[in-house]
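So for the sequence shown, the working numbering puts the first residue at 8; every next one is plus one.
Ideal Cβ placement from N, Cα and C applies to all residues, glycine included.
For clarity, every value in this text was computed on a predicted model and none was experimentally measured.
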Amino acid sequence: MTRVLRLALVPLLVLVGGISPGIASGAPDRERMALPAVGEALAPRIAVRERPKPEAPVRAVMKAFRWDFRPTVFFAIDRHGSGSREWLKVRIPGRPNGRTGWVRGSRVRLLRSAGPLHILVDRSERRLTLFRSGRVVMKARVAVGTADAPTPLGQFYLTASFRPNDDFLGPWAFETSAYAAITDWPRGGIVGLHGTSEGWSVGKAASHGCLRVHNRVIIALRERVRPGTPLRIRA
Numbered sequence: 008m009t010r011v012l013r014l015a016l017v018p019l020l021v022l023v024g025g026i027s028p029g030i031a032s033g034a035p036d037r038e039r040m041a042l043p044a045v046g047e048a049l050a051p052r053i054a055v056r057e058r059p060k061p062e063a064p065v066r067a068v069m070k071a072f073r074w075d076f077r078p079t080v081f082f083a084i085d086r087h088g089s090g091s092r093e094w095l096k097v098r099i100p101g102r103p104n105g106r107t108g109w110v111r112g113s114r115v116r117l118l119r120s121a122g123p124l125h126i127l128v129d130r131s132e133r134r135l136t137l138f139r140s141g142r143v144v145m146k147a148r149v150a151v152g153t154a155d156a157p158t159p160l161g162q163f164y165l166t167a168s169f170r171p172n173d174d175f176l177g178p179w180a181f182e183t184s185a186y187a188a189i190t191d192w193p194r195g196g197i198v199g200l201h202g203t204s205e206g207w208s209v210g211k212a213a214s215h216g217c218l219r220v221h222n223r224v225i226i227a228l229r230e231r232v233r234p235g236t237p238l239r240i241r242a
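Laid out in C-alpha cells, this is it:
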C-alpha cells in the first residue's frame, strides 16, 4: 500500500471474534489429522527450536495471543515422533521470511487441517487464484509491491482478518505471515491482503508490499477463506 496508516486507527478496527470463523473447538485427534494443520498455543510463550530436540537452539518465541488478544495461529507442516515425544514443525511469521522451526506437540493444540482451500499469487502476472483441492475456485487481478518495495515470495498463511476503519483498505482485510521490507502496515511490516479505494491500481506494481484486490474480490474471499488458509506467492 502507498498511504501511511495512522496508528491511532488500530484500536478502531472492528475485529472478528476469535480466529474467525475458523479455529473452533472440538479438535480431531492429532494422530489422524492431515498436515498442514492449524492450531493454537497451550502455553503463554512457545519456544520454536531449530531441531526437534529440547536442547536445540531457540529460533523464535511465539506468543499464545496477538496484540489484539486473539489467539495466535500456529501452522504445522510436519511432525516428528509421537505421543509425549511428538514435535511439530511450524512456520514462523516475520523477518526473515520462510523460517520454520520445531515446537513440542504438547504445547500446541491442532484444531483442523489447513485445506482444502489455498491461495496462489503470481507476482509477475499479478494474478490471485483460489484453489479448492487442486481445482480453481476463482481468479482475480491483484496489485503487488513496486520494484523498490517488492511483495515477498514464499509459502505463507493468513493470520487474521478484520473490517478496516480506513476506506483505502476496502471493506475487508487479511493479515498474512509474510513481511515486506517496506510497508505502511502497522506493527512491523506485515503484508496484508485487502480491498482498496484505488481500484485503478489493481493489476499493477503499486503497493509497498501488500496485495490489493478489487472490493468485490475481497468480499468473495471473506466468504471462502479464513485465518490458517495457506498462501503461496511466486515470482
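query, result
"Taking DSSP as the reference, what is the three-state secondary structure of residue 176?", "helix"
"Which residues bound the alpha helix (DSSP H) around residue 227?", "222-229"
"If you follow the beta strand (DSSP E) that residue 41 is in, where does it begin and where does it stop?", "That residue, residue 41, is in no beta strand (DSSP E); it is neither H nor E in DSSP."
"Examine the ligand HEM and report whether any of its heavy atoms sits within less than 6 Å of the Cβ of residue 130.", "Of the ligands one can find in the structure shown there are none, so the ligand HEM has no counterpart to examine."
"Can you look up residue 112 in the DSSP assignment and give me helix, strand or coil?", "helix"
"Bridge partners for residue 146 per DSSP, in chain order?", "136"
"Helix, strand or coil for residue 92 per DSSP?", "helix"
"With H, G and I counted as helix, E and B as strand and the rest as coil, what does DSSP make of residue 199?", "strand"
"Apart from the five residues on each side of it in sequence, which residues of its chain come closer than 7 Å, Cβ to Cβ, to residue 227?", "145"
"Any idea if residue 240 is buried or exposed, counting beta-carbon neighbours within 10 angstroms, 16 or more meaning buried?", "buried"
"Among the residues of its own chain, which have a CB less than 6 Å from the CB of residue 41, if the five just before and after it don't count?", "120"
"On the premise that residue 160 lies in contact with residue 242, defined as a C-beta separation below 8 Å, what is that separation, rounded to the nearest angstrom?", "6 Å"
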